[in-house]
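*Asks:*
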């Protein structure tokens, strides 16, 4: 594991999961963790050069759209 991968994994996981957990509350921690893992995978793929910057942003938009549609389903319960 090189430095880019390590930094991408640590920073993105901590910042994203903490932010989503605080915003969504205790019921939605599982959903927030799932989307945080998807974002970490996306950032690691970009850091390792397996995807381009265009694909990175397309995946960010796709993950955001899915989260926008899925999270209210959990919130209504």
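In the working numbering, the protein residues as written are 129 to 205.
All C-beta atoms in this analysis are idealised placements derived from N, C-alpha and C, irrespective of residue type, glycine included.
Predicted, not measured: the structure shown is a model, and the values here were computed from it.
Report the residue from 164, 158 and 176 whose alpha carbon sits nearest the alpha carbon of residue 140.
*Replies:* What you label residue 140 is simply residue 12 of the chain shown in a count that begins at 1. Measuring from the Cα of residue 140, the nearest candidate turns out to be 164.
*Asks:* Would you mind sorting residue 130 into buried or exposed? The rule is 16 or more other CB atoms within 10 Å of its CB.
*Replies:* Locating residue 130 in the chain shown gives position 2, where the first residue counts as 1. Residue 130 should be labelled exposed.
*Asks:* Specify the secondary structure class of residue 191 as computed by DSSP and reduced to three states.
*Replies:* By one-based count along the chain shown, residue 191 stands at place 63. DSSP places residue 191 in helix when its eight states are reduced to three.
*Asks:* With a threshold of 16 other CB atoms inside 10 Å of the CB of residue 190, please say whether the residue is buried or exposed.
*Replies:* Working through the chain shown from its first residue, we reach residue 190 at position 62. It is exposed - the Cβ of residue 190 has fewer than 16 other Cβ atoms within 10 Å.
*Asks:* Count the other CB atoms, across all protein chains shown, that sit within 10 Å of the CB of residue 186; report buried if there are 16 or more and exposed otherwise.
*Replies:* Start at 1 with the first residue of the chain shown, and residue 186 comes out as number 58. Exposed: under 16 other Cβ atoms inside 10 Å.
*Asks:* Helix, strand or coil: which one does DSSP assign to residue 177?
*Replies:* Residue mapping note: residue 177 aligns to position 49 of the chain shown, counting from 1. Residue state, collapsed to three classes: coil.
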